[in-house]
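In what follows, a single structure is set out as structure tokens and then discussed.
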Amino acid sequence: MIKLLILGNTGLDEKNNSTNLRMRKIFEILHYQKECFLNYYKLRDAKLNVPHINYLNKDANSNPIKAFLFLIKVNSKYDLLIAETFNASIAAYLYYLFRRTPFIWRQFGTTFNDDLNFKNYFNPKILLKLLLHKLIASSNGCKAIVCTEDGCANSTLFLDKLKILKNKFYIVKNQRTENINLKKTNCKERQTFNIVQIGRINSWKKIHLVIDVIIDIKKERPDIFELIQFDIIGIIDDKDYEMNLVNNINLYGLENHVFIEQNLQYSEIEEKLHNSDLSISLTAYNPIIESLQNEVPVITYEYGEVNSIFKDCPAVFVLAKNIKKSTNLSNTEENQIKKELKDKLIESFYKREKLHNIGIEGRKFVEKEFPTIEEHSKEIVEIYMKVINAL
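Its first residue numbered 1, the sequence shown is counted upward by one per residue in full-length UniProt numbering.
Structure (structure tokens):
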């Protein structure tokens, strides 16, 4: 039996969100079809209780040095480590130096490419992180770097900036959900202009920019504002950020138009989408796919490589194509996003029936271009097994 150690950062639990579903499927295939034994070190809290995953630590700890020190005390020999995220790759690299166990760097979305502008090369923390990226990714211990597409600049970072060999780098398209049960409402049957935002509620999602735009529309176009309903759906990652959103909603009299809804089931999210004219997902990637599957056009901005992914999809409106980063935005860049977003919302308000037709094309695009969870999981596992078989 192949023995694997997962340095896990995906927050496994029983919820039926896209991340959980794909990771559960990958681990099921590895164990039941490929006969892999799975030990799992929790960098992030994981509560999924299944017989084929053996958790090594009770309390999650994301510190890579502590992870390494914990693991070398465990008298186990592994064929391969799978390191989810940069911190995990540090622990895996140290473990490789100590025990010569090879590893795969499994990177999801990353914002590190945003930091690599000229002035930051003189920042000691950024320089150290860059050197570690290069050292770990180029090492003999790192047998592959596997990224999900995520719209972030993964290809730019690893291929262009770090100059990693192409035969070592794999990028896999994110999965779509099969068999969506569409029950779309007719926009002609309601007066409201329904907008939805799906994803974790934190500053990286740029939800505050949408709130600012709605405040501007209230001042400049009260006729449109009166018909706007904006649903913010997700898990609160940052309580202070959420409270700031709530304060602005109340301060500017948006409480009858903007609603924050937490912990909805997937079926409830689908119902919200079926009643929506438009989805806004400024940085969240999977919600773009989920919205399109439910025939809801999406507004995003170019925060990495999203424009190249959706350039042929008529239902994705990419704003601010010159920015190409999701963090460290200047006031000028935020103002550009807000201006283009406001213009697009006002334009879309008058084209709700057209949005419905464009949404149908969006669903067709996703079904053609994106794999199912089963297909996505098998592709990931095939890469893992290719590495294992070459050891």
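We treat Cβ as the ideally placed atom computed from N, Cα and C, and that holds for glycine.
Going by DSSP, what residue range makes up the beta strand (DSSP E) through Arg106?
103 to 107
Using only the alpha-carbon positions, how far apart do Asn75 and Phe37 sit?
15 Å
Have a look at Thr192, Ile235, Glu375 and flag the residue whose alpha-carbon is nearest the alpha-carbon of Asn202.
Ile235
With 8 Å set as the bound, which would you pick, yes or no: does the beta-carbon of Glu369 sit closer than that to a beta-carbon of chain D?
You won't find chain D in this structure, because it holds only one protein chain.
Could you check where the alpha helix (DSSP H) with Glu271 kicks off and where it finishes?
266 to 274
Restricting to Cα atoms, I'd like to know which of Tyr40, Ser18, Leu329, His52 is closest to Lys58.
Tyr40
On the DSSP bridge list, what partners appear for Ala83?
Under DSSP, Ala83 shares a beta bridge with Leu7, Trp105.
Given a cut-off of 8 Å, decide if Leu162 and His133 are closer than it, judged by their beta-carbon atoms.
Taking C-beta atoms as the reference points, His133 and Leu162 count as a pair closer than 8 Å.
Can Ile157 and Asn113 be called in contact, C-beta distance under 8 Å?
It is worth fixing the name first, because residue 157 is Leu in this sequence and not Ile. Yes. Within cutoff.
Rounded to the nearest angstrom, what separates Lys364 and Phe98 at their Cα positions?
When only Cα atoms are considered, Lys364 and Phe98 end up about 50 Å apart.
Could you please give me the residues that DSSP links to Gln197 through a beta bridge?
Partner(s): Ile232.
Quick one: what does DSSP say Ile164 is sitting in, helix, strand or coil?
coil
With a Cβ-Cβ cutoff of 8 Å, do Leu7 and Ala144 count as a contact?
no
Which class does Ser279 belong to by DSSP, given the choice of helix, strand or coil?
strand
Under 8 Å by Cβ, that's how I've got Leu81 and Lys205 pegged, so tell me the actual separation to the nearest angstrom.
Not a contact, Cβ separation roughly 31 Å.
How about Thr300 and Val316: are their beta carbons less than 8 Å apart?
It is a contact, given that the beta carbons lie within the stated cut-off.
Classify Leu135: buried if its beta carbon has 16 or more other beta carbons within 10 angstroms, exposed otherwise.
exposed
From the DSSP output, which residues share a beta bridge with Lys42?
Gly8
Would you kindly work out how many angstroms separate the C-alpha atoms of Asn247 and Glu347, rounded to a whole number?
Straight-line measurement puts the Cα of Glu347 at about 28 Å from the Cα of Asn247.
Own chain partners of Asp212 with C-beta closer than 7 Å, once the 5 adjacent residues on each side are dropped:
Lys338
For Ile26 and Phe70, what's the separation of their Cα atoms in angstroms?
25 Å
Can you name the start and end residues of the beta strand (DSSP E) that Val366 belongs to?
For Val366, no beta strand (DSSP E) run applies; the uninterrupted alpha helix (DSSP H) run containing it begins and ends at 352 to 369, by DSSP.
By Cβ distance below 6 Å, which residues in the same chain neighbour Ala153 in space, the five residues on each side in sequence not counted?
Asn113, Gly304, Glu305
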